[in-house]
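J.: Before I ask anything, here is the structure I am working with.
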Amino acid sequence: MIDLQGLGWPALTVSASGLEIGATCRIVELHDFTGPADWTAVPLFRRCIDSLLMSFKIWNAATVGGNICMSLPAGAMIALTAALEGVCTLWPRNGAPREVPVVEFVTGNHANVLRKGELLRSIHLPATALKKRFAIRQGSLVHIGRSAALVIGTCSPGNDDFRLTITAATPRPVQFHFAEMPTAAALRRTIDERLPADGYFDDVNGSPAYKRHLTYYFSEQVRAELA
Ligand SMILES: Cc1cc2nc3c(=O)[nH]c(=O)nc-3n(C[C@H](O)[C@H](O)[C@H](O)COP(=O)(O)OP(=O)(O)OC[C@H]3O[C@@H](n4cnc5c(N)ncnc54)[C@H](O)[C@@H]3O)c2cc1C
Numbered sequence: 000m001i002d003l004q005g006l007g008w009p010a011l012t013v014s015a016s017g018l019e020i021g022a023t024c025r026i027v028e029l030h031d032f033t034g035p036a037d038w039t040a041v042p043l044f045r046r047c048i049d050s051l052l053m054s055f056k057i058w059n060a061a062t063v064g065g066n067i068c069m070s071l072p073a074g075a076m077i078a079l080t081a082a083l084e085g086v087c088t089l090w091p092r093n094g095a096p097r098e099v100p101v102v103e104f105v106t107g108n109h110a111n112v113l114r115k116g117e118l119l120r121s122i123h124l125p126a127t128a129l130k131k132r133f134a135i136r137q138g139s140l141v142h143i144g145r146s147a148a149l150v151i152g153t154c155s156p157g158n159d160d161f162r163l164t165i166t167a168a169t170p171r172p173v174q175f176h177f178a179e180m181p182t183a184a185a186l187r188r189t190i191d192e193r194l195p196a197d198g199y200f201d202d203v204n205g206s207p208a209y210k211r212h213l214t215y216y217f218s219e220q221v222r223a224e225l226a
């Protein structure tokens, strides 16, 4: 047993290279964060946090690292940090720290790359990603239900470098990257090529067909908003 809070890791550290989020940073601390004026993506923090179906206790006690390590498809901190090109620093029990992009950290429903005894130490969000524009769409089967689909798009101020991140609808995060803003048809083609009909998550929060429908619908909305 390891008392992670007792390790005293700083919650949020701003530097020229970006934002270091300590794994023990509480969700409420991330919610209250206001970064440098040119970090246009910071409001996405609250939008993702709001899509987490949380009790008062979770809001004040749950950690960003706990949400990522829980590795649920609807883990909104996974969506946030994957969309903003986050990189996890992992501390193996015996050995040197290693780095893994958030988008590769979660490998399935309740599954991730952590090895026995390994800790998630922090997540680094690069300043370049924090300076991007974003669009987000979230849908649930019922009004305050867990996310059935959470789709986030980001692009650089010049409208290129478009990145679309799909979570909740799929067992693990799926991310598409385009050097330039794609057309609606090109985006739809890419989703179909990389995300087959049987690649959607089947649980009480929505059938795979419903989640696929939301994914198409939200992805196009996100693309159109940023274009
Ligand atoms: C009412 C309610 C609604 C919820 N809604 C959602 C939801 O919509 N989406 C969602 O994703 N979850 C949801 N949850 C589940 C869960 O509470 C959240 O995912 C929460 O964010 C987990 O954070 P935590 O800090 O409490 O993690 P913990 O429960 O403390 O940890 C989760 C797991 O990760 C491990 N772990 C934690 N930190 C680290 C670390 N730094 N390194 C290695 N391993 C670590 C723990 O050992 C444990 O196995 C909900 C729970 C409740 C009760």
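Residue numbering for the sequence shown follows numbering that gives the first Met the number 0, beginning at 0 and increasing consecutively. Glycine included, every Cβ here is placed at the ideal spot set by N, Cα and C.
1. In whole angstroms, give me the CA-to-CA distance for Pro42 and Lys210.
2. Flag Ile231 as yes when its Cβ comes closer than 8 Å to any non-hydrogen atom of ligand 1, and as no otherwise.
3. Which first and last residues belong to the beta strand (DSSP E) in which Ala134 is found?
4. For a test of the three-state rule: what should DSSP assign to Arg25, helix, strand or coil?
5. Is Arg25 buried or exposed, if buried means 16 or more other CB atoms sit within 10 Å of its CB?
6. Do you know offhand how far Leu124's Cα is from Ser146's?
7. Which residue's Cα is closest to the Cα of Asp191: Ile151, Ala60 and Val173?
8. Flag this pair as touching only if the segment 113-132 and the segment 10-25 have three or more C-beta atom pairs under 8 Å; answer yes or no.
9. Can you list, in chain order, the stretches of the alpha helix (DSSP H) that have 4 or more residues and sit fully within the segment 71-102?
10. Tell me, which residues are paired with Asp202 by DSSP?
11. If I measure Cβ to Cβ from Gln4 and keep anything under 8 Å in the same chain, skipping five residues before and after, which residues do I get?
12. Using CA atoms only, rank isn't needed, just tell me which of Val141, Val101 and Asp37 is closest to Ser70.
13. Can you have a look at Leu6 and say buried or exposed, based on whether 16 or more other CB atoms are within 10 angstroms of its CB?
T.: Per the coordinate set shown:
1. Going by C-alpha positions, Pro42 is about 25 Å away from Lys210.
2. What is shown of the chain runs 0 to 226, which leaves residue 231 out entirely.
3. Arg132 to Ser139
4. In this structure, Arg25 counts as strand in the three-state DSSP scheme.
5. buried
6. 23 Å
7. Val173
8. Taking 8 Å as the limit for Cβ pairs, the verdict is that the segment 10-25 does touch the segment 113-132.
9. 75-82
10. Per DSSP, Gly205.
11. Within the same chain, Cβ atoms closer than 8 Å to the Cβ of Gln4 are found at Thr23, the five residues on either side in sequence being excluded.
12. Val101
13. exposed
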